[in-house]
Amino acid sequence: METSELLKKVRKIEIKTKGLSKHIFSGEYHSAFKGRGMSFSEVRNYQYGDDVRNIDWNVTARTGDPHVKIFEEERELTVMLLIDMSRSSFFGTVNQLKNEILTEICAVLAFSAIQNNDKVGVIFFSDRVEKFIPPKKGRQHTLRIIRELIDFEPTGHGTDMRSTLEYFNNVVKKRSICFLLSDFLTENYEAPLRIVARKHDLIGVHLVDPREEELPNIGLIRALDAESGQMRWIDTASKRIRSEYAQWYTDHSQYFKRVFLRSGADTVTIRTNESYVNALLRFFQRRIS
1455 METSELLKKV RKIEIKTKGL SKHIFSGEYH SAFKGRGMSF SEVRNYQYGD DVRNIDWNVT
1515 ARTGDPHVKI FEEERELTVM LLIDMSRSSF FGTVNQLKNE ILTEICAVLA FSAIQNNDKV
1575 GVIFFSDRVE KFIPPKKGRQ HTLRIIRELI DFEPTGHGTD MRSTLEYFNN VVKKRSICFL
1635 LSDFLTENYE APLRIVARKH DLIGVHLVDP REEELPNIGL IRALDAESGQ MRWIDTASKR
1695 IRSEYAQWYT DHSQYFKRVF LRSGADTVTI RTNESYVNAL LRFFQRRIS
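Numbering (the numbering used here), first residue to last: 1455 to 1743.
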C-alpha cells in the first residue's frame, strides 16, 4: 500500500475510534478493569470505622496515638491484543471484512487504554506468531499499531491458537488485560488458555459473520478454503452438506464458549451485521455491574 494512502486510512480510523474511546468508552473502560493491586499511600490518625488490620503499629507506638496505613489502587495496566490474522479473517458479507472490524475494535481498545495511561502491546498470529509489538504508552505507539493492522501481510494462512497462547505466556510476565480477538474457527487450545487465564485477565472477542453460520441453498458452487488455500466444489443444494456445515460451525462455537467458561475467562461476541460499539458497551457495563 502506498504511504500516502496508508496514512489516510490510519487518520480516518484514528478520528473514528479515538472519538468513540473518549466519549463513550473512557469511563466504562476505567471502571471495568481494575489495577494490579493496592499500593501504600500515607499514614494518618485512626478514625472510627477504619479497618484495625491496617493499623501501623510502629507509628502508633512512636506517637502514642493509633495510626492506620492508607492504600490506593495502582491504576497503570498493561493491555495486550492477540489478533488473529489468518486468512479466514479476510472474509465478510455485510459492510466490512472481519479484519477491518478487528482493526477498529483494536483501535478503540488501544485509545481507551492510553487515555487511562496504560500500556498497549500486540501479538499478530496465524498458524504461527507473526509479530510481537512490546507494550508501550502514547498516541504514536497506538498509531503504529493501527498502521500494522491495516498494512500487515501475514506469512501463514491457518490458525494455531495453542502455540500463540504459549508464546504470550512466555513473553509477557506481568499480569495484563489480554484481549484474544478471532473468529475461533479452530480447537485444541484449552490447556494453554487455562494457564493464561490464571495469570491474566483474559477476554475472548469472538467475531462472527452471519454467512459463516450456515450455507445458502444456491446450488453447485466453487469455493476457496481461505486457510488451506484449496479450491473445492460444494453442492449447497444438498441438505446433508448444509447440515454438516452448520454442525461444524456450531461445534467450534460451542468449544469456544465451553473452554472459556471452564477457564474462568470472559467473552464477548461481536457480529459483523451489528454495531461493535453496542457490543463493547454492553460488555464493559456487564463487568461494572
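From the three backbone atoms N, C-alpha and C, an ideal C-beta is built for every residue, glycine too.
Where residue i sits in the DSSP three-state scheme
| i | result |
| --- | --- |
| T1723 | strand |
| N1671 | coil |
| K1653 | helix |
| L1536 | strand |
| D1689 | strand |
| N1732 | helix |
| F1737 | helix |
Option nearest residue i by Cα separation, candidates the options
| i | options | result |
| --- | --- | --- |
| Y1621 | E1607, F1578, I1631 and T1596 | F1578 |
| E1644 | H1706, I1568, V1506 and Y1502 | H1706 |
| V1502 | H1521, T1704, T1517 and F1714 | The question names Val, but residue 1502 in the sequence shown is Tyr. Answer by Cα proximity: H1521. |
| T1613 | D1720, L1536, Y1699 and T1517 | L1536 |
| A1561 | P1646, F1586, E1459 and L1474 | L1474 |
| D1655 | I1469, V1497, T1557 and T1721 | T1721 |
| R1725 | Y1699, V1659, L1674 and R1696 | V1659 |
| E1607 | F1544, L1669 and M1534 | F1544 |
Alpha-carbon to alpha-carbon, residue j and residue i
| i | j | result |
| --- | --- | --- |
| L1461 | R1601 | 8 Å |
| S1692 | W1702 | 16 Å |
| F1710 | L1639 | 9 Å |
| K1476 | V1464 | 17 Å |
| T1547 | R1740 | 29 Å |
| V1626 | R1665 | 36 Å |
| H1595 | N1499 | 44 Å |
| L1647 | A1515 | 49 Å |
| D1504 | K1523 | 10 Å |
| L1603 | I1631 | 19 Å |
N- and C-terminal bounds of the alpha helix (DSSP H) containing residue i
| i | result |
| --- | --- |
| K1462 | T1457 to L1474 |
| H1706 | K1693 to S1717 |
| R1582 | Element bounds for R1582: n/a, residue is neither H nor E. |
| S1617 | M1615 to V1625 |
| L1597 | R1593 to D1605 |
| F1565 | K1552 to Q1569 |
Residue i, enclosing beta strand (DSSP E) - first and last residue
| i | result |
| --- | --- |
| L1639 | It is not in any beta strand (DSSP E) - L1639 carries neither H nor E in the DSSP assignment. |
### Task
With a floor of 3 residues, list each beta strand (DSSP E) that falls wholly inside the segment 1502–1529, ordered by position along the chain.
1521–1527
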